[in-house]
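Q: Mind having a look at this structure? Questions to follow.
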Amino acid sequence: MENDKINEEETATNNSQYSADNITALEGLEAVRLRPGMYIGSTDEKGLHHLVYEVLDNSIDEHLAGHCSHIVTVINEDNSVSVKDNGRGIPTGMHKKLQKSALEVVMTVLHAGGKFDKQTYQVSGGLHGVGVSCVNALSSMLRAEVHREGQIFTQTYSKGIPTTSVDIIGDTDITGTIITFRPDPTIFTELEYSYETLAKRLRELAYLNKGLHLTLQDMRTSDEKGEHPTETFFSEGGLLEFVQHIDKQNGREVLVDVPVHVRGEQDNVQVEVAFQYNRSYRETLRSYVNNINTVEGGTHVNGFRRAISHVLKKYGESKDLFAKAKVKISSEDFREGLTAVVAVKVPEPQFKGQTKGELGNPEVTSIVSACVRNALEIFLEENPAAAKMLMDKVILAAKARSAASKAREMVQRKNVLTGSGLPGKLADCSSKDPEKSEIYLVEGDSAGGTAKQGRDREFQAILPLRGKILNVEKALEYKIYENEEIKNMFTALGVRIEEKDGERVLNIEKLRYHKIIIMCDADVDGSHIVTLILTFFFRYMRPLIENGYIYIAAPPLYQVKKGKRSIYCWNDADRDQAIASLGGDKTGNVGIQRYKGLGEMNAEQLWETTMDPVSRTLRQATIEDFESADATFSMLMGDEVPPRRAFIEANAKYANVII
Ligand code: 0RA
């Protein structure tokens, strides 16, 4: 049947068919240009990078087919990108039905994708796998160069339409494909590639495709020796090394030296999972379907979690450990300190969820679950000492969870009982409309006092925080409810943590302010306090960040004064400009005040510079990338010093503080 169809297509070569197909191809490319978001997600920075991932996908397919060992991605000087592989090369022979080179078909026909012969791993519904023709349609220029059968073939396109024929430009003794494309500036709102973004994806792809060398080179910059930044990503151990990398990057100490690593296949679904436990209290789980990161998880992740809970619970019960320890175990307890990567390959994945980042195929759950169950049972049997450590950890997690639940109840119940329930230190605003109301969380009682004098009482509330708040990254949850400053934040904000199906969720229905502004001194201690407060919001009140309610105030660093004229400055460059504009130079004439802390400003100055909505600068806290934010908080607030020092040294130049 399948063969019949192909034969029929190959022989249908009459002219009307040919031109009709051409029109269809053009319509296809036009559709991509009209609604690029439908094909590549967006036309911002994300979409721009997506073009590269799309081209890489084809080369990785060659690797999966066993024909490609090295892929080189080059960011060219003009922000065009070249992806070069040593695969078999895109076929260049005549496509019988369309009467043109297969190369042209692959590059110009939507969904031809170059994968005529393997429909198996075509991704539908997700954002990848739309094919290199989409990239072509969205590029002002694309050039394909194919080394195959001893010859070099090239063709060039503009907006997906060929501008040359397929030309033979020379001889070659290698095979492979080089795609160079320049994203169309009339489509994309951002045109500059980020080395870091591409490096992160290539690193991930190296772990997901062990044995494949992935090189990234940036021609836009060079060092003193004239050499361009270049990195090659390669993993021999695949996911096993991936979980080790994640824990190392997060500065986490592992419980057992070697991760559990499983591979299996059933009904055409390939499963690969690696996981290990560390001494932290967090779960870090990354999941992939056909090399695509599934940020919202899905059936593969459910299968993994089900297996972990099932096997560990059975093991503990068989040894009567939970009853002896007098704890009631919940599935959450098996997730504390767990780092895992779950990667599956599914022939026809269905993606759902808000960002299409969740796998929907129900059959995958039991396939992953069975695979992981087996491996974990064997692991526990073979490593009794590790099993004992794991069980101790699970029991501790259950105890801590129960303590946290009680402590939370105490704090949250007390609020209801004590009338207004608002903290004594809070100077509330008169407005009761959360959308119009703001709260300043201010470092120290003295600056808090100044802010209370300087504010607009109608809509600005002030909550002074004493000194450094608790580092929640290192504290068990129940400890945070014993902390005065944290308790005050819960009550002042009017939010509560509730348990739904064993998960903790933040209820923000009664949130009292839609702007929560952290205001600290512009010095090292102040920055530390901002980080501590952000860590608290990230770990326990993340929806407030996700909804865009969290801001950081920016007090000025200098006041430059001459006579009655004064200019506030937020950095050294502005200061120098202010000095010049007031007719002074660095040696004097002009008065320069350097503000080390909020306390050096009077109420009026604080209002003018930092609190007046008309003139203040607020920085909104956002989460661009959950995984790297998670890793950064762990690393900044955790135990390991070297990664923290490296981060501070690398990022000090962005910090707007006086050291
Ligand atoms: C179709 C068939 C074959 C290879 C490819 C496409 C192919 C596509 C791309 C895109 C970028 N690099 C690529 N490398 C290969 C197999 C051809 C054969 O059987 O030799």
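Just so you know, UniProt numbering puts 242 at position 242 of the sequence shown, and the rest follows in order with no gaps.
Glycine included, each C-beta is placed from N, C-alpha and C at the ideal position.
Please read all numbers here as calculations on a predicted model, not as lab measurements.
Would you kindly check if the distance between the Cβ of G41 and the Cβ of H49 is under 8 Å?
A: Not closer than 8 Å, so no.
Q: Over the uninterrupted beta strand (DSSP E) stretch that includes D218, give me the two end residues.
A: Looking at the DSSP string, the run of the beta strand (DSSP E) that includes D218 is H213 to D218.
Q: Taking the alpha carbon of P543 as the reference point, which residue from I623, S235 and G583 has its own alpha carbon closest?
A: Among I623, S235 and G583, the Cα nearest to that of P543 belongs to I623.
Q: Since E363 is in the beta strand (DSSP E), which residue starts that stretch and which ends it?
A: Looking at the DSSP string, E363 is not in any beta strand (DSSP E); the run it does join, the alpha helix (DSSP H), is E363 to E382.
Q: Pull the bridge partners of A274 from the DSSP assignment, please.
A: DSSP lists H261 and V341 as partners of A274.
Q: Within 8 Å, do at least three Cβ pairs link the stretch 171–183 to the stretch 134–151?
A: At 8 Å Cβ cutoff, the stretches touch.
Q: When DSSP labels each residue in this structure, what does S124 get in the three-state scheme?
A: Low confidence applies to S124: its pLDDT is 33, below 50, so where it sits in the model is not reliable, and the reading given next is rough at best. Coil at S124, not helix or strand.
Q: Based on Cα-Cα distance, which residue from I533, A492 and V368 lies nearest to H514?
A: Among I533, A492 and V368, the Cα nearest to that of H514 belongs to A492.
Q: Do the stretch 306–326 and the stretch 368–375 make contact, defined as three or more Cβ pairs closer than 8 Å?
A: At 8 Å Cβ cutoff, the stretches touch.
Q: Provide the residue span of the beta strand (DSSP E) that contains P464, from first to last.
A: Residues Q460 to L465.
Q: Please list the segments of the alpha helix (DSSP H) lying wholly inside the UniProt domain "Toprim" (437–556), counting only runs of 4 or more residues, in order along the chain.
A: Runs found: 445–454, 477–480, 484–493, 524–540 and 542–546.
Q: Quick one: what does DSSP say C134 is sitting in, helix, strand or coil?
A: Note: C134 maps to helix in three-state DSSP.
Q: Can you have a look at P384 and say buried or exposed, based on whether 16 or more other CB atoms are within 10 angstroms of its CB?
A: The residue in question, P384, is exposed, as its Cβ has fewer than 16 Cβ neighbours within 10 Å.
Q: Look at the alpha carbon of V83 and the alpha carbon of E485, and state the distance between them as a whole number of angstroms.
A: Roughly 53 Å separates the two Cα atoms.
Q: Would you be able to state if there are at least three C-beta pairs under 8 Å between the stretch 268–277 and the stretch 332–346?
A: Contact between the stretch 332–346 and the stretch 268–277 is present, because at least three Cβ pairs lie under 8 Å.
Q: Given the structure, does D85 come close to the ligand 0RA, in the sense that its CB is under 7 Å from one of the ligand's heavy atoms?
A: Yes.
Q: Nearer than 7 Å: is that true of the beta carbon of R88 relative to any heavy atom of the ligand 0RA?
A: Yes; taking the cut-off as 7 Å, the Cβ of R88 has a heavy atom of the ligand 0RA nearer than that.
Q: Is it right to say G114 is buried, meaning 16 or more other beta carbons lie within 10 angstroms of its own, or is it exposed?
A: Since pLDDT at G114 reaches only 44, below the 50 mark, its modelled position is unreliable, and no value is offered.
Q: Can you have a look at G251 and say buried or exposed, based on whether 16 or more other CB atoms are within 10 angstroms of its CB?
A: Buried.
Q: Report the rounded CA-to-CA distance for R203 versus C68, giving the unit in angstroms.
A: Roughly 17 Å between the two C-alpha positions.
Q: Considering just the uninterrupted stretch of the alpha helix (DSSP H) at Y315, what are its terminal residues?
A: Where Y315 is concerned, the enclosing alpha helix (DSSP H) stretches over T299 to S318.
Q: Distance cutoff 8 Å, beta carbons only. Does I545 sit that close to anything in chain B?
A: The chain labelled as chain B is not found in the depicted structure, where only one protein chain is given.
Q: In the DSSP assignment, the alpha helix (DSSP H) including S634 goes from what residue to what residue?
A: First-last of the alpha helix (DSSP H) with S634: F626 to M637.
Q: Output needed for R539: all residues of its chain with C-beta closer than 8 Å, excluding positions within five of it in sequence on either side, in chain order.
A: Cβ within range, chain order: V472, E473 and F633.
Q: Three or more C-beta pairs under 8 Å: does that hold for the stretch 451–458 against the stretch 521–539?
A: The stretch 451–458, when compared against the stretch 521–539, does not touch it at the 8 Å Cβ threshold.
Q: Say whether the stretch 255–269 touches the stretch 386–395, bearing in mind that this needs 3 or more beta-carbon pairs closer than 8 Å, one atom from each stretch.
A: At 8 Å Cβ cutoff, the stretches touch.
Q: Between the alpha carbons of H128 and R455, how many angstroms are there, rounded?
A: Note on H128: pLDDT 47, under 50, position unreliable in the model; no value is reported.
Q: Secondary structure at T175, three-state DSSP: helix, strand or coil?
A: T175: coil per DSSP, three-state reduction.
Q: Can you tell me whether P91 is helix, strand or coil according to DSSP?
A: In this structure, P91 counts as coil in the three-state DSSP scheme.
Q: Please say whether L376 and V311 have beta carbons closer to each other than 8 Å?
A: Cβ distance < 8 Å, so V311 and L376 count as in contact.
Q: Closest to I178 by CA distance: which of S59, K406, I579 and L285 is it?
A: Of S59, K406, I579 and L285, the residue nearest in Cα terms is S59.
Q: Could you check where the beta strand (DSSP E) with I567 kicks off and where it finishes?
A: Note, I567: beta strand (DSSP E), R565 to C569.
Q: Going by DSSP, what residues sit across from H49 in a beta bridge?
A: BP columns for H49 are empty, so no partner.
Q: Given S430, which residues of its chain have a CB within under 7 Å of its CB, disregarding the five upstream and five downstream residues?
A: Hits under 7 Å: R457 and E458.
Q: Closer than 7 Å: is that where the CB of E62 sits relative to any heavy atom of the ligand 0RA?
A: E62 Cβ: within cutoff of the ligand 0RA.
Q: Suppose contacts are defined by Cβ-Cβ distances below 8 Å. Is I75 in contact with R220 by that definition?
A: The answer is yes: Cβ separation under 8 Å.
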